[in-house]
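If you count the sequence shown from 1, position 76 lands on 373 in the working numbering, and the numbers rise without skipping. Working notes for the structure below.
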Amino acid sequence: MSGTASEAGDSPPPAPGYLRTKVLRGGAYLFIRQFISLGLSLVGVLVITRVIGPEHYGAFVAASGIYLYLQMLGQVGVDVYLVRQFGSVAEREYNVASTFLLATGLLGILLVEAGTGLLSGWVDIAGFEPLLRVMIIALPLQLMAIAASARLERALDYRRVAAIELSGQTSYYVIAVPLAFDGYGAWSLVAGWIVQQVVVCVMFHWAASYVPRFRLDRTIVPRMLSYTFGFSLVTWSWHLRLLVNPLIVGHFLGATAVGQVGMAIRIVEVLTFVKNIAWRLSVATLSRIQDDRRKLQEAVTQGMELQTLALAPVLLGFSWLGGLFLPQLLGARWAPILVVFPFIAISYLTNAQFNMHSSVLAVFRKNYETTLFHIVHIVMFAVGAAICVRFAGLVGYGWGEMIALPSYCVLHYMAVGIVGSINYRVAAIWWGGTVLGLFWHQLGVWAIAMPFAALLWPESVRRLRNLYYAIRPKGPPVVAT
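Here is the structure:
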């Protein structure tokens, strides 16, 4: 990109040492933000959901599921284009991006206003239509904040990015919690969401010293879309999962079931937050060794094992102990969470193990192949859930997750085509032990011992010993297995 630093929206390139320091500090800010955010989210959601109950929470989950998918569609990967663009990004490009994002946000409002009546006829949830019609007002603000936040990310100013995101989340609960106690139900969450988007949008623009000037450009927009189209397809196809709960569970079982499934998903996401961090790190790591097939094979194999070791203990801990404290925290109305939780936990654990496969495809820019896997997965999940929910009730959503698991065979074959053979032996044993442990309610108390038995398997012991020596500051050479 031509132009001087004063003509562009970015500062001159920093010195290498300075860049490394900024990246490390930025990573620390993001990790701190993640932990604080999880704490706020957990406490806030537990308080609000106990007060408003599963029916009102389910109405909000249904509306927010549609909203979030429209938000994914509306951003069209513009954030990726602005942040990853090589060289400087001219001020005009930020302005064109802001104009484009405002337009997609307004289009989202028009789509909701035109189609919500038809949609609410399918989603059998009281209050769904007015909640979504009001909630969608925040969409243009959330999308426009992308250009301003991209300026801060390109400057590696993650301290302010983290502070703004936490400020927005805090404003959400400052508004939502009192309104929930005052009896506003799902509307308390919608009000908090709108205030959060206003706060975040204003603060990002203020922190970036950026006032958007709306511009149209017939060359910049096509360049943005061509740059991000493959990435956007991957995102859009995977996040179709957001629609299964409101459109299928909501249609057959109503608001209470949607709320219970939504809360189970929220709990699993909190427990497995390291999965997303690991994916981002794995893409950066694998890109450095993409020319060495043997190292790629080792990275994928070890990545699966490490993901299992990171996620299995917290998922098992909640499965074993959740029944002791969940009713006291949320109330008896939320008890069905414990029935569907193991199924959702297995889905997330399996996805975490195959994170490395997705990372390989991302490094080699196999966006269309990844999209194909996502489509196969979503079709199996949605069709399975539709059939099982109709005949088995709430647990049918969980069986839909299980029916979709064989779709990972598609991802396996795609990854093998790039890296060659992959050793699943240890990861599969640990996965199997975890699955049995998660279903201890159905199988009996003996199943609690199975995750420990999997770890005591001789090859598991050797692998754990090797991992310990690998991460210990000074240890003997790793023995090949």
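Glycine residues also receive a C-beta, built at the ideal position from the N, C-alpha and C atoms.
The alpha helix (DSSP H) runs lying completely inside the segment 608 to 681 and spanning 4 residues or more are 634 to 650, 652 to 660, given in chain order. For the set 712, 462, 549, the Cα lying nearest the Cα of residue 667 is the one of 712.
A straight-line Cα-Cα distance of about 36 Å links residue 652 and residue 503. Contact holds between the segment 518 to 533 and the segment 367 to 376, because three or more Cβ pairs, one in each stretch, are under 8 Å apart. For residue 382, there is no enclosing alpha helix (DSSP H), as DSSP marks it with neither H nor E. For residue 694, the enclosing alpha helix (DSSP H) begins and ends at 692 to 700. Taking a cut-off of 8 Å on C-beta distances, the segment 671 to 687 does not touch the segment 621 to 630, as fewer than three cross pairs fall below it.
The shortest C-alpha to C-alpha distance from residue 752 to any of 603, 483, 356 is the one to 603. The Cβ atoms of residue 473 and residue 486 lie closer than 8 Å to each other. Under the Cβ criterion (8 Å, minimum of three pairs), the segment 352 to 360 counts as touching the segment 426 to 443. For the pair residue 552 and residue 608, the CB atoms are not nearer than the 8 Å cut-off. Residue 749 sits exposed, since fewer than 16 C-beta atoms from the chains shown fall within 10 Å of its C-beta. Residue burial is scored here from C-beta neighbours: residue 739 has fewer than 16 other C-beta atoms within 10 angstroms and is therefore classed as exposed. Counting every other CB atom within 10 Å of its CB across the protein chains shown gives residue 688 a total below 16, marking it as exposed. For residue 558, the enclosing alpha helix (DSSP H) covers residues 552 to 568.
By the neighbour-count criterion, in which a residue is buried when 16 or more other Cβ atoms sit within 10 angstroms of its Cβ, residue 755 is exposed. Rounded to whole angstroms, the separation of the alpha carbons of residue 590 and residue 538 is 33 Å. Below 8 Å, too few C-beta pairs join the segment 449 to 459 and the segment 398 to 414 to call them touching: fewer than three.
Annotation: the segment 411 to 478 contains the following complete segments of the alpha helix (DSSP H) (minimum length 4 residues), in chain order: 425 to 432, 436 to 451, 455 to 478. Using a Cβ distance threshold of 8 Å, residue 390 and residue 517 count as a contacting pair.
Cβ-Cβ separation between residue 692 and residue 732: approximately 16 Å, too far for a contact (criterion under 8 Å). Distance check between residue 418 and each of 568, 364, 344, 543 places 543 closest, using alpha-carbon atoms only. Judged by DSSP in its simplified three-state form, residue 512 adopts coil rather than helix or strand. For residue 530, the enclosing alpha helix (DSSP H) covers residues 517 to 535. Look at residue 754 here: in three-state DSSP terms it is coil, with no helix or strand label.
Residue 354 carries a helical assignment under DSSP once its states are collapsed to helix, strand and coil. For the 8 Å CB-CB criterion, residue 508 and residue 468 do not form a contact. A buried status is given to residue 498, since no fewer than 16 other beta-carbon atoms sit within 10 Å of its beta-carbon. The three-state reading of DSSP puts residue 492 in helix, counting H, G and I together. The three-state secondary structure of residue 718, taken from DSSP, is coil. The shortest C-alpha to C-alpha distance from residue 531 to any of 369, 639, 488 is the one to 369.
Taking a 10 Å sphere around the C-beta of residue 478, we find fewer than 16 other C-beta atoms and assign the residue as exposed.
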